[in-house]
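For reference, each letter of the sequence shown is one residue, going 1442 to 1600 in my numbering.
Just so you know, even glycine gets a beta-carbon here, dropped at the ideal spot from N, CA and C.
Here is the structure we will look at.
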Amino acid sequence: MRYIFLLFLAPGLYAHPHFFINSNLKIEKNRVLSQWRFDKLNSKLLLFEFDTDKNKILDKKEQERFLQTHFYPLKTNNYNLFLQSDEEELSIQPKNTKVSYQNKEIILEFESSLDFKIQAVFCTIDATLYMAYTLEKFESIYEADIQKSQYDFCIGVTK
């Protein structure tokens, strides 16, 4: 019986993030501006994979390949974001999405709509622990409470 328990425990021992993302978040009146900066090691690997002409600039075609591979598949988990507005969970619909390479980092920027009357909650959530999110910079026109852990963060916003 002891060995069976260890067998089921073993896969969990290897669960750890593969991508470390520094997040900047700005909450405005009707939208959330998100910036994800990939760690330098993964940025180097991603640049090698997606910068096909090796000029350290991600052109439109290279950006689209990156988004198709690493961002759009996150739609099944609401882009690893949880957004609740006045007790109602909202789906994220990213707009104005762009990818760039600056200061040896892959940077992904997008915005999403935010419409709430009294309170909103915005969290990063990746149940697979494949991606770890660190909140580096936060701005809001509203009062906010922030909770951070090693792999994610939550922000409560009140008008």
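Our contact map puts LYS1536 next to PHE1551 with C-beta atoms below 8 Å; I'd like the distance itself, whole angstroms only.
Confirmed, about 7 Å.
Might you give, ordered along the chain, the residues of its own chain that have their beta carbon closer than 6 Å to the beta carbon of GLY1453, omitting 5 neighbours on each side?
In this prediction, GLY1453 scores a pLDDT of 47, lower than 50, which makes its location untrustworthy; the coordinate-derived value is nonetheless stated afterwards. Once the five neighbours on either side are set aside, GLY1453 has no close Cβ partner at all.
Buried or exposed for PHE1507, going by 16 or more other Cβ atoms inside 10 Å?
Its Cβ being crowded by 16 or more others within 10 Å, PHE1507 is buried.
Who does SER1541 pair with in a DSSP beta bridge?
Paired residues: ILE1548.
What is the rounded straight-line gap between the Cα of PHE1489 and the Cα of GLN1543?
For PHE1489 and GLN1543, the distance between alpha carbons rounds to 14 Å.
Out of curiosity, what's the CA-to-CA distance linking TRP1477 and LYS1495?
When rounded, the distance between both Cα atoms is 22 Å.
Looking only at DSSP bridge pairs, what is ILE1587 linked to?
DSSP lists ILE1596 as partners of ILE1587.
Please report the straight-line C-alpha distance between ALA1585 and SER1484, rounded to a whole angstrom.
The straight-line gap from Cα to Cα measures roughly 31 Å.
If you run the structure through DSSP and keep just helix, strand and coil, what is THR1569?
Coil, per DSSP.
Leaving out five residues on either side along the sequence, give the residues of the same chain with a beta carbon under 6 Å from the beta carbon of CYS1595.
Counting only Cβ-Cβ distances below 6 Å, and skipping sequence neighbours, we find CYS1564 and GLN1588.
Can you grab the Cα-Cα spacing for the pair LEU1466 / LYS1578, in whole Å?
Computed Cα separation, rounded: 6 Å.
Which stretch, first to last residue, makes up the alpha helix (DSSP H) that contains SER1484?
Here the alpha helix (DSSP H) through SER1484 covers 1481-1491.
Which whole-angstrom value is the C-beta distance of SER1526 and PHE1557, which I expect to be below 8 Å?
Right, the Cβ-Cβ distance comes to about 4 Å (below 8 Å), so this counts as a contact.
Can you find the residues in the same chain that come closer than 8 Å, C-beta to C-beta, to GLU1530, ignoring five residues on each side of it along the sequence?
Answer for GLU1530: PHE1523 and LEU1524, listed in chain order.
Checking the sheet assignment: what are the DSSP bridge partners for LEU1576?
DSSP output for LEU1576 lists SER1464 as bridge partner(s).
Given a cut-off of 8 Å on the beta-carbon distance, is the pair ILE1582 and LYS1470 in contact?
The answer is yes: Cβ separation under 8 Å.
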